[in-house]
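Asks:
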Amino acid sequence: MSLVQLIYVSDLVNKDETQIPAILASSVRHNEEDGITGMLLYAQGNFLQVLEGERELVKRTYDRICQDVRHRNTVLLTEETVTERHFADWRMGYRQLEPGLAAKVPDYAPFFEFGFDAAAISGKPGVALEMLELFSRGML
């Protein structure tokens, strides 16, 4: 089995936050079936998500997300083979990042304060995973 970690960003169509509960429910259901773990962050109309699991199942999940009419402008940031899961306790963790949170984490604020910027995140390798890990701990 080849364990992978895939991180992407996408836009929530029309910034319609009423869709988020349905997206989460679908994610949990599919991830449970496929043995996928991960974390989903939402900020100002954008998602940053990590998926972990067996390569083919993660690829299938990512393809399903790319076809989901609630997402657009999906950008793959990283896809790497890993030896262990970083989010093993989460079938799909979720955190909504409010603008006021930026003052508490100024080093990360430029990457989420106005929504996730794929170009900015790509320009700083590792920052996506750092943010996902930081916010998954729920200490802020």
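Numbered continuously in our numbering, the sequence shown closes out at residue 171.
Just so you know, even glycine gets a beta-carbon here, dropped at the ideal spot from N, CA and C.
These numbers were taken from a predicted model, which means no experiment stands behind them.
Assess contact between the region 105–121 and the region 44–54, defined as three or more Cβ pairs (one per stretch) separated by less than 8 Å. Is contact present?
Replies: The answer is no - the region 44–54 does not touch the region 105–121, with fewer than three Cβ pairs under 8 Å.
Asks: Output the distance between the C-alpha atoms of alanine 151 and glutamate 64, rounded to the nearest integer angstrom.
Replies: If you take the alpha carbons of alanine 151 and glutamate 64, they lie about 34 Å apart.
Asks: Please state whether DSSP places glutamine 75 in a helix, a strand or coil.
Replies: Three-state DSSP puts glutamine 75 in coil, outside helix and strand.
Asks: Considering arginine 168, what are the terminal residues of the alpha helix (DSSP H) in which it resides?
Replies: Counting along the chain, arginine 168 falls outside any alpha helix (DSSP H), and DSSP gives it neither H nor E.
Asks: Is glutamate 144 buried or exposed, if buried means 16 or more other CB atoms sit within 10 Å of its CB?
Replies: So glutamate 144 ends up on the buried side.
Asks: Give the straight-line distance between the Cα atoms of aspartate 120 and isoleucine 67, rounded to the nearest whole angstrom.
Replies: Their Cα atoms are separated by approximately 10 Å.
Asks: If I measure Cβ to Cβ from asparagine 104 and keep anything under 7 Å in the same chain, skipping five residues before and after, which residues do I get?
Replies: So the qualifying residues of the chain are Ser41, Asp42.
Asks: Please report the residue range of the beta strand (DSSP E) in which asparagine 104 lies.
Replies: That run of the beta strand (DSSP E) goes 102–112.
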